[in-house]
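Numbering (this note's numbering), first residue to last: -5 to 370. Where a beta carbon is used, it is the ideal one built from N, C-alpha and C, also for glycine. Here the structure is a predicted model, which is why all the values come from computation and not from measurement. Worksheet: one structure, shown below.
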């Protein structure tokens, strides 16, 4: 086989090996056999909720095991076809098998990414908060650009996006905003985006056209479904109401319908102004608080397991996870993984999957952040 195809075969073998290890192959096969036998037991459905949970697990395991076996079979079949075609001088068979291997490589790579989205809450919907850093209008405009970037990314993924609250800047941009992103694996994809994001550009607000550096932060936490119990003592919380800001009509700006809840033991603050009804905003704010407390618990477990520092830090220099440079050159650089893009316009238009996949792989490996030099 030619060296290019040999490299593709090696990539497929590596992907299969990683998927086997992630699945814990031997244990998964035994568990699937047990679940298949259990499915034949009529008494299983005496507890419908437990039965449905087991059937979902069975289906997920069956899909994973079947896909791995199919990858291995197709890999071996196409290697044999190439060898046979080369022996018989049949270039058409060789070309067809090589094309099949390229498609198999792409499919295996996609399954690797999906395998990384197997955390406790990865499949859930998610909240995404944007907060501007110090710097007034510059940082507030940058926060608004980030809000648009993640909205566009979610739309590209086919997710539904709802704006839960927004605080406008004094002159332009936003001070903060919260999105609700709804879709399968929404939290799993977005969870590595939490952190400080840095922008370098020639300011449109500077009459002298000087270069400015701005900071804004992203905070991502999963929506808590009914299967997850989060207990909150209401006496530990302070509830404030205020007038909504931003677009929304006369009613939004003249009634105290927006709700802010402060959880005093943790210092967590959530707010919602999506609805015209204060009652509905209050209910959604409680849901957001439960989600934040749950995310804090997940983060605590992850820090204990990986001995990593928490990612929510001061919104400023030295704490950024990614830099976006628009002038004097064009570059987006992730400071955890080293992934770069020379098309910041595409990135700011929602082309983020390459950065997310690298960050997910980095997190799954449990490694410390790479030593990556920031851009000037």
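Inter-residue Cα distance where the pair is residue i and residue j
i           : j           : result
residue 30  : residue 52  : 7 Å
residue 402 : residue 8   : Residue 402 lies beyond the stretch modelled for the chain, which goes from -5 to 370, so this question has no answer here.
residue 165 : residue 110 : 42 Å
residue 126 : residue 134 : 5 Å
residue 195 : residue 129 : 14 Å
residue 289 : residue 349 : 22 Å
residue 41  : residue 158 : 37 Å
residue 306 : residue 343 : Here the model assigns residue 306 a pLDDT of 45, short of 50, so the residue's position is not dependable, and the following value carries that caveat. Taking the straight line joining both Cα atoms gives about 25 Å.
residue 355 : residue 106 : 9 Å
residue 198 : residue 132 : 9 Å
residue 163 : residue 13  : 47 Å
residue 375 : residue 201 : A question about residue 375 goes unanswered here, because the residues of the chain that appear run from -5 up to 370.
residue 67  : residue 99  : 13 Å
residue 45  : residue 112 : 21 Å
residue 19  : residue 50  : 18 Å
residue 187 : residue 153 : 17 Å
residue 63  : residue 104 : 16 Å
residue 36  : residue 146 : 48 Å
residue 368 : residue 326 : 10 Å
Residue i and residue j closer than 8 Å at C-beta
i           : j           : result
residue 229 : residue 238 : no
residue 148 : residue 160 : no
residue 69  : residue -1  : no
residue 140 : residue 178 : no
residue 144 : residue 174 : no
residue 371 : residue 167 : Since the displayed the chain opens at -5 and closes at 370, residue 371 lies outside it and no answer follows.
residue 116 : residue 217 : no
residue 55  : residue 25  : yes
residue 233 : residue 214 : no
residue 318 : residue 184 : no
Coil, strand or helix - residue i by DSSP
i           : result
residue 195 : strand
residue 217 : coil
residue 173 : strand
residue 226 : coil
residue 356 : helix
residue 207 : strand
residue 178 : coil
residue 319 : strand
residue 368 : coil
residue 258 : coil
residue 152 : coil
CB-CB length for residue i against residue j, believed under 8 Å
i           : j           : result
residue 73  : residue 88  : Wrong, their Cβ atoms sit about 11 Å apart, outside the cutoff.
residue 255 : residue 279 : 5 Å
residue 10  : residue 96  : So it is not a contact: roughly 16 Å between Cβ atoms.
residue 257 : residue 287 : 7 Å
Legend entry - Any 3 or more C-beta pairs closer than 8 Å across the stretch 206 to 219 and the stretch 332 to 339: no
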